[in-house]
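All remarks here apply to the structure that follows.
2 protein chains.
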Amino acid sequence: MKQTVFVYNTLTRTKEEFIPLDAPYVGMYVCGPTVYSDAHLGNARTYISFDLIFRYLTHLGYKVRYVRNITDAGHLESDADFGEDKISKKAKLAQLEPMEIVQKYSTGFHDVMREFNVLPPSIEPTATGHIIEQIELVKIMLDNGFAYEVNGSVYFDVEKYNSTNDYGVLSGRHLEDLLNNTRTLGGQDEKHGKLDFALWIKAKPEHLMKWPSPWSVGFPGWHLECSAMSHKYLGEQFDIHGGGIDLIPTHHTNEVAQNHACYGKNPAKYWIHTNMLTVNGQKMSKSLGNSFLPHELFSGDNTILNKGYSPMTVRFFMLQAHYRSTLDFSNDAMEASEKGFKRLMNAYTLLDGLQASSQSEVEIQPLLNQCYEALNDDFNSPILIAELFEASRIINSVHDGKLKIDATNLELLKTLMQTFVTDVLGLKNEQTSSDELPKVIDFIVNLRSEAKTNRDYATSDKIRDGLQKVGFQLKDSKEGTTWNKI
Amino acid sequence: MKQTVFVYNTLTRTKEEFIPLDAPYVGMYVCGPTVYSDAHLGNARTYISFDLIFRYLTHLGYKVRYVRNITDAGHLESDADFGEDKISKKAKLAQLEPMEIVQKYSTGFHDVMREFNVLPPSIEPTATGHIIEQIELVKIMLDNGFAYEVNGSVYFDVEKYNSTNDYGVLSGRHLEDLLNNTRTLGGQDEKHGKLDFALWIKAKPEHLMKWPSPWSVGFPGWHLECSAMSHKYLGEQFDIHGGGIDLIPTHHTNEVAQNHACYGKNPAKYWIHTNMLTVNGQKMSKSLGNSFLPHELFSGDNTILNKGYSPMTVRFFMLQAHYRSTLDFSNDAMEASEKGFKRLMNAYTLLDGLQASSQSEVEIQPLLNQCYEALNDDFNSPILIAELFEASRIINSVHDGKLKIDATNLELLKTLMQTFVTDVLGLKNEQTSSDELPKVIDFIVNLRSEAKTNRDYATSDKIRDGLQKVGFQLKDSKEGTTWNKI
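These protein sequence lines map, in sequence, to chains A and B. Under numbering that gives the first Met the number 0, the first residue of the first sequence carries the number 0, and numbering increases by one thereafter. Under numbering that gives the first Met the number 0, the first residue of the second sequence carries the number 0, and numbering increases by one thereafter.
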């Protein structure tokens, strides 16, 4: 690769040169959504951040296999009383079927990702699709002595694991501190140690999602699926493991422990974590009343929003912050991003019409180099966007006749914008909403009616014929003029 | 339900009154696509047909759980030589991963379904997500004596099954005829009988998709997944099982046998099959060179197409034939459907602007009844569309001042069009392509330039201000006038 990328590795708490285990192949696993509710805006930020990383590494020539899972096995329980015959007779169709919920929210999640122009991952495996693989991992951990069974459930033995490994390697916390900060086990608890976590859980009769296993009819613990799926599709060790920063202390810590217990190594060489989204300086949460959904943000249909913002505006807003910084949402910040995004895209639109001069008053290569340098420095998109504003300034100056550019530099400028705006940042001009076209046509039809009233039939006919050419037919009747698409 | 629906049942070869097993709940299972290649236009016809059935039953008030699976476990094999260490070291990332192919074509399939405005099913389970359930079925069939194991593979014993059941119940063919028309088993064949089929297949070392089972590391036979998934989500017996007519003799016949062997009953009360799509009178096939993909049909990018047709035009074209008739594709037929679809949608657009009179020269209720009667008769969409053209004729006559309608009948007409065009047929006005708006704006900008040239500054300013109001800003410079969205 011509570019040398540095990434901040949570595991070592330093920026390191990115050297894949087996270049040009790159394996990347990112913890995906739990599809029991609407897609969360904070999650959207995480997936937009990893979309940038996926796009940039792909642009550099790496062959990236990007695995982002869907968590569809959880703790959902039905209140249906299976003991009663009348109910269980109807049960299959009448009761809540978890997979209907999974389908609804998976579709919703994919819709939001498409609106944000987030590329689909290479593989999108589901937890329920990998129960066998999870059971196999539990068997290995039992065989290796890192897990124990109690009453049909299986738990991971954290203290035993820590005696030969470092359980807190990812979070940087010591086991003693963790133990001191965890509540004491109750007398009825099946766990041996306070930090132990479930690998397999025996299902209560009312639990709907359950599968046979050597220990019980039950379901896997939440942390297990990612170990099983990353191993299946990326191998014992791969390059990048990512997710939200909130996953470090428990989910990712337990994932590392599980993989170590099975295969004796940390699954990923580089651990990358995205920071949180806040709203007016506060954590976004339903209880604080400052939470909203992506589609509310698009439509403006929420009291804390002054208006709606397009998906590309929101994507641009998110990329204007570095993925490791907290990102604070406010109406003012969104307004500013909306202006900035329009400025950038307007310049991009002008680019095609620019005329090259025989000489150049500007050199694009240094700017192009700076764009690469920005992303090579731990995918620093805000710095990149600042460079793209400089490129926009150049485009506007050339367009206004204030600056000369030669053909070579103009080509380079086009390459720069195509590469970084379209391919890497994943920004695009948005479909003009279908509301606008009818308004524009109505405006022209009115203009024509005025011309007719003024007996200016030349103009009136010119408008009718011109609209016909671009695909719209006018029809005059006593009620006025109607139009339709040809 | 106020409406009585009759459906043609492949099982009984008659039209029967549709009486769900447990109204208002309706369970419907349709065999979905195999996601190892691009979505096929014939499949699209099947899913559009069942979308009509799903939409109509839902409109009538039934609570339909619609399960449409994705076949993602198949017979794909890799050529990679696992015996060589150098290759297997790289294998996880460098080799073809079947699930990457699954992801690519699942996404493509969903894209095509969205373009056709086909509603997502309630549950979309995958074969790989139900390996455990399939293994459980094989165990039951072995226990019940309808299956046997040979060298780690398990086969279904068709002749034994037929001694107590009717194997040809769905196809209407006798076992003797089937046996006479099947090739003799080779000496190396593991099967006991000529019609026996695999339930579980021991994987060769080079097979990539395989799972542990009590018999071998292997993979399920193709017919098994539908038995397992329909049982899991709809129960031992449900209302409707559907698919393409080509599935009757093998896939559906074997599915019925599997379910009977496990649970002693046919899984579905009504079996519904959609007919084939032909091209200029011939079967669509790659070898005949008359095959094209949905996106080629949309773009016109195939030599046998005169031009492209929009997804809604294609949907309309397909619904103009009854689902049990063959549907012949030709450029002429598509042209005719395109005109018909525009005529229908133009009338629908006029509907909102119609004025009610104090009296009515037309009664809508009989027409509304005929719409229901059309669909109640085995979902006869071509008859329904003929009724909708009659509704369009009424709308046009009222719009042209040739027919009077009162407020009550106008309301009923609106209900009729909303119900049958939008809700049941799933047709909609298509997004105007983004190509058109720039052409229209360019046309107005030219009109303004001419006005300026003629020193008609009043008109020039009026156009500038009018466009500003509908969201477009003009910018004059020495090169001419540019515009952008505000």
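Ideal Cβ placement from N, Cα and C applies to all residues, glycine included.
Please identify the residue among the options whose C-alpha is closest to the C-alpha of residue i.
i       : options                               : result
Q354(B) : D37(B), A227(B), K413(B) and G307(B)  : K413(B)
L58(B)  : S391(B), G128(B), L446(B) and V420(B) : At residue 58(B) the sequence reads His, which differs from the Leu that was named. Nearest C-alpha to H58(B): V420(B).
T106(A) : I122(B), L95(B), Y104(B) and K103(B)  : I122(B)
A227(B) : G243(B), L198(B) and I244(B)          : L198(B)
L409(A) : K401(A), T418(A) and V397(A)          : V397(A)
F237(B) : A373(B), Y28(B) and N345(B)           : Y28(B)
G220(B) : Q257(B), R463(B), I462(B) and E16(B)  : Q257(B)
T13(A)  : N428(A), I271(A) and K193(A)          : I271(A)
L56(A)  : L292(A), A335(A) and D377(A)          : D377(A)
L20(B)  : L233(B), Q187(B), T407(B) and I52(B)  : L233(B)
L141(B) : A260(B), A320(B) and T407(B)          : A260(B)
L10(A)  : V111(A), R182(A) and G171(A)          : G171(A)
E3(A)   : G288(A), N375(A), W482(A) and S36(A)  : In the sequence on display, residue 3(A) carries Thr and not Glu. With distances taken between Cα atoms, T3(A) lies closest to N375(A).
L40(B)  : Q369(B), K403(B), V439(B) and V313(B) : V313(B)
T497(A) : Q187(A), Q358(A), T273(A) and D165(A) : A question about residue 497(A) goes unanswered here, because the residues of chain A that appear run from 0 up to 485.
M283(B) : N180(B), N42(B), Y24(B) and A22(B)    : N42(B)
P266(B) : L169(B), H109(B), S380(B) and K103(B) : L169(B)
I134(A) : V361(A), E337(A) and F218(A)          : F218(A)
L287(A) : H294(A), I303(A) and P293(A)          : I303(A)
For the ligand NAD, I want to know if residue i counts as a neighbour, meaning its beta carbon is within less than 7 Å of at least one of the ligand's heavy atoms.
i      : result
P19(A) : The model depicted lacks the ligand NAD and carries no ligand whatsoever.
For residue i, which residues in the same chain have their Cβ closer than 8 Å to its Cβ, ignoring the five residues on either side in sequence?
i       : result
E189(A) : V149, N150, S152 and Y154
G307(A) : L296, F297, S298, G299 and D300
R447(A) : T458, S459, I462, R463, L473 and T480
N395(B) : A346 and L349
K341(A) : none
N143(B) : A260 and C261
H129(B) : E224, A227, M228 and K231
E16(A)  : T3, V4 and F5
Could you check how far apart the C-beta atoms of residue i and residue j are, in whole angstroms? I think they sit under 8 Å.
i       : j       : result
L426(A) : M311(A) : 6 Å
Y46(A)  : V101(A) : In fact, because the Cβ distance is near 18 Å, the residues do not count as touching under 8 Å.
L318(B) : L424(B) : 6 Å
D327(B) : T277(B) : 5 Å
I239(A) : Y262(A) : That belief does not hold up - the Cβ atoms of I239(A) and Y262(A) are roughly 18 Å apart, past 8 Å.
F196(A) : H222(A) : 6 Å
V66(B)  : P120(B) : 6 Å
T273(B) : I247(B) : The pair is not a contact, with the Cβ atoms about 11 Å apart (cut-off 8 Å).
D71(A)  : T127(A) : 5 Å
I393(B) : L402(B) : 7 Å
E435(A) : L436(B) : 7 Å
G167(B) : L178(B) : Not quite, the Cβ-Cβ distance comes to about 11 Å (not below 8 Å), so this is no contact.
F315(A) : M333(A) : The Cβ separation is near 10 Å, so there is no contact.
Under 8 Å between beta-carbons, which chain B residues line up against residue i? List them in chain order, please.
i       : result
P199(A) : Residue identity differs from the one stated: residue 199(A) is Trp in this sequence, not Pro. Residues of chain B passing the Cβ test: none, with the nearest at roughly 14 Å.
M98(A)  : I122, P124 and Y232
T127(A) : G128
Closer than 7 Å by C-beta to residue i: which residues in its own chain qualify, once you throw out the five before and the five after it? Chain order, please.
i       : result
I69(A)  : G31, P32, V34, S105, E123 and T125
E389(A) : L366
Y347(B) : M416 and V420
F49(B)  : V29 and G241
In chain order, what residues of the same chain have a beta carbon less than 6 Å from the beta carbon of residue i, not counting five sequence neighbours either side?
i       : result
M275(A) : T325
V137(A) : V153, L198 and W199
N279(B) : S329
V216(B) : A202 and K209
What residues of chain A sit near residue i, judged by a beta carbon separation below 7 Å?
i       : result
K401(B) : Going along chain A, no residue has its Cβ under 7 Å from K401(B), so there is no contact; the nearest lies around 11 Å.
I130(B) : I131
P119(B) : Q102 and T106
G339(B) : Those within 7 Å of G339(B) in chain A number zero; the least Cβ separation is about 15 Å.
Applying a beta-carbon distance threshold of less than 9 Å, which residues of chain B neighbour residue i?
i       : result
L436(A) : T431, E435, L436 and V439
R314(A) : Correct list: empty, because the minimum Cβ distance to chain B is about 17 Å.
S476(A) : H398, D399 and G400
Under 7 Å between beta-carbons, which chain B residues line up against residue i? List them in chain order, please.
i       : result
V469(A) : E435, K438, V439 and F442
Give me the chain A residues within the contact set of residue i, using Cβ-Cβ distance strictly less than 8 Å, ordered along the chain.
i       : result
P211(B) : I131 and E135
G425(B) : Within chain A, no residue comes near G425(B); the closest Cβ sits about 16 Å away, beyond 8 Å.
Checking contacts by CB at 8 Å: is residue i closer than that to chain E?
i       : result
P204(A) : No chain E is present in this structure, whose protein chains are A and B.
Three or more C-beta pairs below 8 Å linking the stretch 249-260 of chain B and the stretch 213-230 of chain B: yes
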